Structure formats: structure tokens, C-alpha cells
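Take a look at the structure set out below.
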Amino acid sequence: MSCRLCLDAEGRELLSPCACRGSLAHVHADCLLEWCDHVSNYQRCDVCHQPFMGPAALLAARHRFRRAERLAEEDPEVLEATYQVAQALAGEGKNSEAVKLFEYLHGVYCRKKGEIHLDTLAVASAWSLSLHCLQRHQEAAELQEVTLVSLREKVGNSHPRSVTESNNLALSLTALGRHDEAVPLLRMTLDAREREGTQSSEWITVAGPGMGGVKNGWVGRC
Numbered sequence: 029m030s031c032r033l034c035l036d037a038e039g040r041e042l043l044s045p046c047a048c049r050g051s052l053a054h055v056h057a058d059c060l061l062e063w064c065d066h067v068s069n070y071q072r073c074d075v076c077h078q079p080f081m082g083p084a085a086l087l088a089a090r091h092r093f094r095r096a097e098r099l100a101e102e103d104p105e106v107l108e109a110t111y112q113v114a115q116a117l118a119g120e121g122k123n124s125e126a127v128k129l130f131e132y133l134h135g136v137y138c139r140k141k142g143e144i145h146l147d148t149l150a151v152a153s154a155w156s157l158s159l160h161c162l163q164r165h166q167e168a169a170e171l172q173e174v175t176l177v178s179l180r181e182k183v184g185n186s187h188p189r190s191v192t193e194s195n196n197l198a199l200s201l202t203a204l205g206r207h208d209e210a211v212p213l214l215r216m217t218l219d220a221r222e223r224e225g226t227q228s229s230e231w232i233t234v235a236g237p238g239m240g241g242v243k244n245g246w247v248g249r250c
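Using the working numbering, the first residue of the sequence shown is number 29, and each one after it goes up by one.
Printed below as a string of C-alpha cells:
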């Protein structure tokens with residue numbers, strides 16, 4: 029195995045940062061960060077176009093945050109870098125650390141953008157997933173209920189983000205034993221996904237603030 033950037037096969041530990049395989053599968057940590065700086069991209073591979081994953085995702089996110097620290101505390105780049113770190117921590121199962129960042133970001137976004145801005149709702153959705161993973165199901169469900177109401181008002185019942193939040197709320201309600209409330213939400217989610225031709229393995233997605241779209245994520249990460 030060799031680093032796909034420097035082609036060196038000796039010495040430092042190699043990471044598998046994305047979905048690339050074969051000769052493109054591995055990279056040195058320092059080579060990856062140098063590439064990220066060069067192209068100003070700390071989130072996804074420029075070959076497979078998939079988000080970085082695992083330790084590489086957290087490494088790139090923390091590196092981006094360190095570079096942004098010279099900016100004002102609530103500069104948009106600092107906030108987006110903080111969100112990326114929180115998501116990467118959650119992806120590595122470090123939800124106790126992630127919830128602190130999500131809670132902080134939620135407060136900032138509520139103050140700067142408003143409680144029902146789509147970016148604020150994206151942070152709330154991600155925060156609730158980490159709460160769910162920590163088995164803080166009551167807190168997760170309360171946040172998801174508020175988020176779902178706001179999403180339905182903003183983008184409608186059938187929008188992917190609303191459907192996703194319905195699914196995630198149903199999982200929290202199920203964990204609380206509130207099956208009568210969870211079942212209608214799960215049925216609605218299933219109906220929506222079947223209409224779109226989406227497989228069950230693609231149900232759960234997480235939107236990121238300022239990203240203009242939806243990226244894959246998993247409640248199963250916990």
C-alpha cells in the first residue's frame with residue numbers, strides 16, 4: 029500500500045478517508061491535510077466525491093477548525109468548521125463531545141438566524157441524533173418534535189428533510205415505548221420513500237447548515 033498523493037509506501041500510518049479503492053484507497057494524514065489546504069476542501073474526496081469518513085473525517089474537520097480560529101468567534105467559517113467537527117465526532121461515536129458543540133451552535137444560530145431558519149433546524153436535527161445515540165431519548169424526541177413542526181411549515185410534509193425528521197422522531201418515540209405515536213410516523217416515512225423509490229437503507233439523512241442540500245448520515249452510528 030502507498031499514499032495516493034506522495035506515492036510513498038514506507039513509514040507513516042496510512043488512512044482510508046473515503047470510498048476510493050485500489051491504488052487510490054490510502055493516504056498519509058499530513059498529505060491529506062496538505063491537499064485539503066491546497067484545494068480549500070475539508071469535507072469530501074475530489075475523486076469519488078464522497079464525504080470523508082472515520083478518523084480522516086475528524087482529522088480534516090479539526091484541521092479546518094484550527095485554521096479558522098484566527099477569525100472572529102462567530103464568523104461563518106468558524107461556525108461551519110465547528111459543525112463539521114461536531115458531525116465528525118458523532119460519526120466516530122463521540123456523541124458526548126458532539127452534543128456540546130451542537131448545543132452551542134444551536135444557540136448561536138437561533139440568535140443570528142432565527143429558530144426556524146433551515147440552518148438552525150439542520151443543527152437541531154443533528155443535535156437530536158446525538159442525544160438519541162446517548163440514550164437521552166426524551167430530550168431527543170422533544171427537540172425532534174419542535175424541529176419537525178418547523179420543517180413542515182418551511183418546506184412541507186413531503187420534503188425529504190421533513191420525512192427524515194419524522195423517521196428520526198419515530199425512532200426516539202419507539203425507544204420511549206410510545207409506539208402508538210411512532211407507528212403513524214413510520215408508515216408515513218415508508219410511504220414517502222416508496223413513492224420516491226428509495227430503499228430502506230437510505231432512509232436516514234442529515235442536512236448540514238449552509239450546505240444547500242442533504243448528506244448521508246445514520247442513527248445507527250451509535
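Using N, Cα and C, we set each Cβ at its ideal position, and we do this for glycine too.
Keep in mind the model is a prediction, meaning the values are calculated, not measured.
- Taking the C-beta atoms as reference points, residue 171 is found nearer than 8 Å to residue 159.
- If the five residues before and after residue 155 are omitted, its C-beta is found closer than 7 Å to the C-beta atoms of 127, 130, 131, 134 and 171, all from its own chain and listed in chain order.
- Exposure of residue 51 is indicated by the presence of fewer than 16 other C-beta atoms within 10 angstroms of its C-beta.
- Within the same chain, no Cβ atom closer than 8 Å to the Cβ of residue 139 is found once the five residues on either side in sequence are excluded.
- Buried is the label assigned to residue 31, since at least 16 other Cβ atoms lie within 10 Å of its Cβ.
- If one requires a minimum length of 4 residues, the alpha helix (DSSP H) runs lying completely within the segment 116-147 are 123-141, in chain order.
- Put simply, of 197, 203 and 84 the residue whose alpha carbon is nearest the alpha carbon of residue 212 is 197.
- Under the DSSP assignment, residue 185 falls outside any alpha helix (DSSP H); it carries neither an H nor an E label.
- Rounded to whole angstroms, residue 176 and residue 207 show a C-alpha spacing of 18 Å.
- Within a 10 Å sphere around the beta-carbon of residue 169 sit 16 or more other beta-carbons, which makes this residue buried.
- Taking the Cβ atoms as the reference, residue 136 lies roughly 6 Å from residue 102, within the contact range of under 8 Å.
- When 109, 146 and 167 are compared, the shortest CA-CA separation from residue 68 is found for 109.
- Residue 220 is not a Cβ neighbour of residue 178, given a cutoff of 8 Å.
- Comparing alpha-carbon positions, the option among 53, 47 and 46 lying closest to residue 37 turns out to be 53.
- Nearest C-alpha to residue 48 among 188, 41, 40 and 80: 80.
- A direct Cα-Cα distance of roughly 30 Å separates residue 147 from residue 205.
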